Amino acid sequence: MLFLKNHNHKKLKLILLSVILVAFGVILAVFISHRHVIEKEEDVVSDIRSKANISIGKAHQTAIKNGIKEWDLDASSVNYMVNKNQAIFQDLSITFYLKDKSQVYLTANKGILNIDSNDMEIFGNVVVKNSTYRLKTENLFYGHNRRIIFSKVPVKVSGVAFDLAADSMSLNLNTNKTMFEGKVEGTLHEVIKL
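For the sequence shown, numbering that gives the first Met the number 0 gives the first residue as 0, with consecutive numbering after it.
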C-alpha cells in the first residue's frame with residue numbers, strides 16, 4: 000500500500016511538472032509573438048518618422064481664404080513629407096467654419112493633408128458633428144476648393160429626430176446640404192406631446 004501511495008505521489012509530481020512546463024512554454028510563445036507585433040508597430044512608426052523631413056508634437060494649422068477662416072486643425076503630432084508635399088496628422092480634430100457662422104467639428108485617428116491643395120484624407124474612427132447631428136465612418140475626404148466633405152464608405156448619422164445609414168455621402172460646407180447615396184436606410188423619430 001505504501002508503494003502505491005509513493006507511486007501515485009511520483010505520478011502527481013510528474014503531471015504537475017508537465018503542466019508547469021507547458022504553461023511556461025505557452026507564456027514564452029505569447030511573449031515572443033507579442034514582442035514581434037510591438038516591434039513591427041514600432042518599425043512602421045519609425046519608418047514614417049525616418050521618411051519625414053520634419054516631425055512635430057502637438058500641431059495647429061489654420062486655413063484662411065480671402066481673409067475668411069475656413070478651418071482650424073489640431074493634432075497630437077504631425078510628420079511632414081517634403082517629397083510628397085504632405086503632412087500626416089495623428090489624433091486630429093478639425094473645426095470647419097460655415098458662412099452662417101455655425102461650425103462643423105471632425106475628429107479622427109489620422110489625416111493626410113496635401114499641402115498644395117489643402118485637400119485631406121481622414122481615416123480611423125471618424126466622427127463629424129454639429130449642433131443637430133453626428134456622423135460616424137471609417138474614412139472620408141475633404142475637397143478644399145469646393146469645401147466638400149465626402150465619404151465613399153458606409154456612414155451612420157444620428158440626430159434628435161432621426162437615425163440614418165448610407166453607402167456614401169457628401170456634405171457641402173458652402174450650402175450646408177448633405178447628400179446620401181447607395182443603400183440609404185433611416186428611421187424618423189417624432190416627439191409627441193400630450
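By construction, the Cβ of each residue, glycine as well, lies at the ideal position given by its N, Cα and C atoms.
All values derive from a computational prediction rather than experimental measurement.
Own chain, CB closer than 6 Å to K155, minus 5 neighbours either side, in chain order: To locate residue 155, count along the sequence shown from 1; it is residue 156. Result list for K155: K135 and A164, in chain order.
Quick check on this structure: which residue in M168, K9 and F95 has the alpha carbon closest to the alpha carbon of S130? As a position in the sequence shown, residue 130 is number 131, starting the count at 1. Of the candidates M168, K9 and F95, the one whose C-alpha sits nearest the C-alpha of S130 is F95.
For K12, name the three-state secondary structure that DSSP assigns. Numbered from its first residue, the sequence shown carries residue 12 at position 13. Three-state result, K12: helix.
Please report the straight-line C-alpha distance between S116 and N65, rounded to a whole angstrom. What you label residue 116 is simply residue 117 of the sequence shown in a count that begins at 1. What you label residue 65 is simply residue 66 of the sequence shown in a count that begins at 1. In a straight line, the C-alpha of S116 is about 15 Å away from that of N65.
Span of the beta strand (DSSP E), counted from its first residue to its last, around L91: Taking the sequence shown and counting its residues from 1, the one referred to as residue 91 is at position 92. It spans Q85 to Y96 - the beta strand (DSSP E) in which L91 sits, taken as one unbroken run.
Check the C-beta distance from D215 over to L91 and give it rounded, since I have them as a contact under 8 Å. The requested residue 215 is not part of the displayed model; the chain covers only 0 to 193.
Taking Cβ positions, are R145 and N171 nearer each other than 9 Å? If you number the sequence shown from 1, residue 145 lands on position 146. If you number the sequence shown from 1, residue 171 lands on position 172. Yes, the pair counts as a contact, with Cβ atoms nearer than the cut-off.
Residue environment, I114, which counts as buried when at least 16 other CB atoms sit within 10 Å: Numbered from 1 along the sequence shown, position 115 holds the residue referred to as residue 114. Looking at its Cβ environment, which holds fewer than 16 other Cβ atoms inside 10 Å, I114 is exposed.
Which runs of the beta strand (DSSP E) spanning at least 3 residues fall entirely within the region 94-157, listed in chain order? 102-113, 119-128, 132-142 and 147-150
May I ask you to report which of helix, strand or coil DSSP gives A160? Along the sequence shown, one-based indexing puts residue 160 at 161. Correct three-state label for A160: coil.
Is the beta carbon of S167 closer than 9 Å to that of E184? Counting from one through the sequence shown, the residue named residue 184 turns up at place 185. Counting from one through the sequence shown, the residue named residue 167 turns up at place 168. Their beta carbons are not under 9 Å apart, which means E184 does not touch S167 by this criterion.
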